[in-house]
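Trainee: Protein chains in written order, with our numbering: chain A, 46 to 303; chain B, 147 to 377. This is the structure I have questions about; it appears just below.
Structure follows, in C-alpha cells:
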C-alpha cells in the first residue's frame with residue numbers, strides 16, 4: 046500500500062566517489078503531492094542524492110523507486126539487471142529536474158527549449174506542444190520571451206524557463222537542485238513564487254535549498270543531511286522550533302544568526 | 147619569350163581551365179562532406195566507443211595524420227591494384243582526400259564536443275534524451291559553433307590540396323594548367339591563371355564561411371544580449 050502512494054522510495058542507498066562516502070545508507074519516502082526540502086552543509090550529499098534519484102549518477106547499492114520506476118534497473122527473476130542508456134532515458138522522462146546553473150539549451154530559443162523534448166523525444170505534434178509551451182510560459186510569467194535566446198535573459202528568467210522546460214514533459218516528480226543559489230538576491234523570489242505555485246498545484250517535489258522561508262511556506266517536511274546521512278526529518282514547525290538532532294540546532298543557529 | 151597578356155587573358159576563360167575549376171569545386175565539396183562524416187564517426191568512436199572501437203578510431207587518425215596525403219593518393223591509385231584492389235581516378239581522389247580530411251576533422255570535432263558545457267549533458271539527460279538524442283539535438287549543435295572556424299580553415303586547405311590529385315592524372319585545376327602550359331609552353335601564364343582561380347575560390351569560400359559563422363553565433367551574439375532583471 047505504502048509503495049503505491051509513494052512517488053519516491055529509497056532503500057539503503059549508498060554512493061561513494063572513490064573513498065569519499067557521499068550517501069551512507071539513505072532511506073527516504075516521499076508521498077504523492079508532498080514537498081520535501083533538503084538542507085545541509087555543502088558536501089553533505091544532498092545534491093548527489095537528487096542526482097542519484099534522476100540517474101545522473103549511478104548508485105553503488107540499495108534501490109531507488111521514483112515516479113513508478115525502479116530507477117536504473119529492471120527485475121529479472123528476482124535479480125536486478127542494469128538498464129541500457131535508452132531505457133534509463135525513458136524513466137527520466139517522468140522526472141523533471143532543475144539545476145543550480147539553469148543549463149538551458151543556449152543554441153535554441155526559449156520556446157524551442159521547452160518544446161525540444163516533447164516534440165523530438167515523445168514525437169508529439171508541434172502545434173499541440175506549442176499550445177502547452179505557451180501556457181507554461183504564461184504560468185512562469187514570461188509569455189513575451191518566447192523568441193528570446195537564453196543568453197538574453199536574466200538568471201531568474203532563465204531558471205523560470207528551466208522549470209517550464211521540465212514541466213513540458215509532464216513529470217510525476219520535480220527535483221530542484223539549489224535552484225536559487227546562483228541568483229542575485231532580488232531574483233530569488235520570482236523563482237520561489239513559481240515553485241510555491243507548483244506545490245499548491247499538487248506537484249510532488251524534492252527541493253535542495255537553503256531558502257528557509259520557502260521551507261516554512263511550502264514544505265511538508267524538512268530534512269537535514271549531515272555527513273552522507275539524514276539526521277533530521279520533520280514537519281517545518283518541528284524542524285525549526287524543536288529539532289531533535291544537535292546537527293540541526295547547530296545548522297539553524299548558523300543560518301538564522303543574521 | 148616574355149610575358150604575354152593575350153595568352154594570359156585567353157587562358158583565363160579557356161574551356162579546359164574552366165572545366166578544371168569545376169572539377170576542383172565538386173571534388174573539394176564531395177571529399178569534405180565524406181570527410182566530415184568520417185570525422186564525426188571517428189570522434190564519437192574515440193570519445194564514447196568501447197575498447198575496440200576506440201582503438202580503430204585512434205589507429206585511423208594516427209595513420210592518416212602521420213603520412214603525407216600525396217603518398218596516400220599514390221598508394222590508393224597505383225599501389226593497391228597490385229593487391230587486386232582497383233579504384234578509378236575519381237574514386238581514388240575522393241577516397242584519399244576524404245580519409246585524410248576525416249582524420250584531421252576528427253580531432254577538431256572532438257575538441258568542439260569537449261568545449262560544450264558539462265551541464266548540457268545533465269540537462270539533456272534530465273528531460274529523458276538517450277545518447278543519440280543528446281548528441282544530435284544538444285551536444286553537436288553546440289559544438290558546431292566551436293567547430294565551424296577551424297572547419298572552414300580545413301575547407302580552404304581542401305580547395306588547394308585537391309591540386310595534388312593532378313599527380314594521379316585527375317583533371318582538376320592544376321592538371322588543366324599543366325596541360326595548357328604544354329600546348330604553347332606559356333608556363334608562367336598558365337600557372338598564374340590557375341593560382342588566380344584558387345585565390346578566387348578561396349575568397350568566395352571565405353565569404354560563405356563568414357555567413358555560416360554568423361548564423362551559428364546568433365544565439366550567443368553580444369549585440370542582442372539585452373539582459374533585463376525585471377520579471
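Positions of the beta carbon are idealized from the N, C-alpha and C atoms, including for glycine. As the structure is a computational prediction, the values presented were derived from the model and not from experiment.
Enumerate in chain order the residues of its own chain whose CB-to-CB distance from residue 185 of chain B is below 6 Å, with the five nearest sequence positions on each side excluded.
Mentor: Counting only Cβ-Cβ distances below 6 Å, and skipping sequence neighbours, we find 248, 251, 252 and 255.
Trainee: My assumption, with CB atoms under 8 Å, is that residue 196 of chain A sits in contact with residue 366 of chain B. Please give the rounded CB distance.
Mentor: Yes, they are in contact, since the Cβ atoms of residue 196 of chain A and residue 366 of chain B sit about 6 Å apart, within 8 Å.
Trainee: Counting only C-beta atoms, is residue 258 of chain A closer than 9 Å to chain B at any point?
Mentor: Taking Cβ atoms only, chain B never reaches closer than 9 Å to residue 258 of chain A, which makes this a no.
Trainee: Are the C-beta atoms of residue 240 of chain A and some chain B residue less than 9 Å apart?
Mentor: Answer no: the Cβ-Cβ gap between residue 240 of chain A and chain B never drops below 9 Å.
Trainee: Measuring CA to CA, which of A:92, A:110 and A:104 is closest to residue 218 of chain A?
Mentor: Of A:92, A:110 and A:104, the residue nearest in Cα terms is A:110.
Trainee: With DSSP collapsed to three states, give me the class of residue 154 of chain A.
Mentor: Coil at residue 154 of chain A, not helix or strand.
Trainee: Identify which residue in B:332, B:296, B:362 and B:278 has its Cα closest to the Cα of residue 182 of chain B.
Mentor: With distances taken between Cα atoms, residue 182 of chain B lies closest to B:296.
Trainee: Based on the DSSP secondary-structure assignment, which residues constitute the bridge partners of residue 142 of chain A?
Mentor: Paired residues: A:220.
Trainee: I believe residue 180 of chain A touches residue 156 of chain A by the beta-carbon criterion, under 8 Å. Please report the beta-carbon distance rounded to the nearest angstrom.
Mentor: The Cβ separation is near 12 Å, so there is no contact.
Trainee: Does DSSP put residue 257 of chain A in a helix, a strand or coil?
Mentor: Three-state result, residue 257 of chain A: helix.
Trainee: Counting beta carbon pairs with one atom in the stretch 211-224 of chain B and one in the stretch 191-201 of chain B, are three or more of them shorter than 8 Å?
Mentor: The stretch 191-201 of chain B is not in contact with the stretch 211-224 of chain B.
Trainee: Mind listing the chain B neighbours of residue 166 of chain A? Cutoff is C-beta to C-beta under 8 Å, in chain order.
Mentor: What residue 166 of chain A touches in chain B: 273, 274, 275 and 279.
Trainee: Can you grab the Cα-Cα spacing for the pair residue 309 of chain B / residue 206 of chain B, in whole Å?
Mentor: In a straight line, the C-alpha of residue 309 of chain B is about 24 Å away from that of residue 206 of chain B.
Trainee: In terms of residues, what are the limits of the beta strand (DSSP E) holding residue 266 of chain A?
Mentor: Looking at the DSSP string, the run of the beta strand (DSSP E) that includes residue 266 of chain A is 266-271.
Trainee: So with Cβ pairs under 9 Å, would you call residue 284 of chain B a contact of chain A?
Mentor: True, the Cβ-Cβ gap to chain A drops below 9 Å.
Trainee: Out of B:208, B:242 and B:259, point me to the one whose CA is closest to residue 190 of chain B's CA.
Mentor: For the residues B:208, B:242 and B:259, the minimum Cα distance to residue 190 of chain B belongs to B:259.
Trainee: Any idea what DSSP makes of residue 98 of chain A, helix, strand or coil?
Mentor: Three-state DSSP puts residue 98 of chain A in a helix.
Trainee: Using C-beta distances below 7 Å, list every residue in its chain close to residue 269 of chain B, excluding the 5 sequence neighbours before and after it, in chain order.
Mentor: Correct list: empty, nothing qualifies.
Trainee: Starting from the Cα of residue 243 of chain B, find the closest Cα among B:176, B:342, B:168 and B:329 and give me that residue.
Mentor: Residue 243 of chain B has its Cα closest to that of B:176, out of B:176, B:342, B:168 and B:329.
Trainee: Name the residue from B:168, B:187 and B:159 whose alpha carbon lies nearest to the alpha carbon of residue 286 of chain B.
Mentor: Residue 286 of chain B has its Cα closest to that of B:187, out of B:168, B:187 and B:159.
Trainee: Determine, for residue 211 of chain A, whether the minimum Cβ-Cβ distance to residues of chain B falls below 9 Å.
Mentor: Yes, because at least one Cβ of chain B sits closer than 9 Å to the Cβ of residue 211 of chain A.
Trainee: At least one CB of chain A closer than 9 Å to the CB of residue 295 of chain B: is that the case?
Mentor: By this cut-off, residue 295 of chain B is not an interface position.
Trainee: The stretch 247-273 of chain B: which residues have C-beta closer than 7 Å to a C-beta of chain A, in chain order?
Mentor: Result list: 265, 266, 268, 269, 271, 272 and 273.
Trainee: Looking only at C-alpha atoms, which of A:61, A:233, A:64 and A:70 sits nearest to residue 54 of chain A?
Mentor: Comparing Cα positions, the closest option is A:70.
Trainee: Just mark residue 147 of chain A as buried or exposed, buried being the case when its beta carbon has 16 or more other beta carbons within 10 Å.
Mentor: Residue 147 of chain A should be labelled buried.
Trainee: So, residue 186 of chain A versus residue 169 of chain A, is the Cβ gap smaller than 9 Å?
Mentor: Not in contact: residue 186 of chain A and residue 169 of chain A (Cβ atoms no closer than 9 Å).
Trainee: Once DSSP output is grouped into helix, strand and coil, what is the label at residue 70 of chain A?
Mentor: Residue 70 of chain A falls in the strand class under three-state DSSP.
Trainee: So is residue 188 of chain A in contact with chain B if we call contact Cβ pairs under 9 Å?
Mentor: No, no contact with chain B.
Trainee: If we define contact as Cβ-Cβ less than 9 Å, is residue 291 of chain B a contact residue for chain A?
Mentor: True, the Cβ-Cβ gap to chain A drops below 9 Å.
Trainee: Given this structure, state the Cα-to-Cα distance separating residue 285 of chain A from residue 291 of chain A, to the nearest angstrom.
Mentor: Roughly 12 Å between the two C-alpha positions.
Trainee: Any idea if residue 264 of chain A is buried or exposed, counting beta-carbon neighbours within 10 angstroms, 16 or more meaning buried?
Mentor: By the 10 Å Cβ count, residue 264 of chain A comes out buried.
Trainee: Confirm, please, whether the CB-CB distance from residue 254 of chain A to residue 223 of chain A is below 9 Å.
Mentor: Yes; because the gap between Cβ atoms is below 9 Å, this pair is in contact.
Trainee: Residue 232 of chain A to residue 226 of chain A, Cα distance in whole Å?
Mentor: Taking the straight line joining both Cα atoms gives about 11 Å.
Trainee: Any beta-carbon of chain B closer than 9 Å to the one on residue 114 of chain A?
Mentor: Closer than 9 Å: no.
Trainee: Determine the chain B residues that contact residue 162 of chain A at a beta-carbon separation under 9 Å, and present them in chain order.
Mentor: Here the neighbours are 270, 273, 274, 275, 279 and 283.
Trainee: Using three-state DSSP, classify residue 132 of chain A as helix, strand or coil.
Mentor: Helix at residue 132 of chain A.
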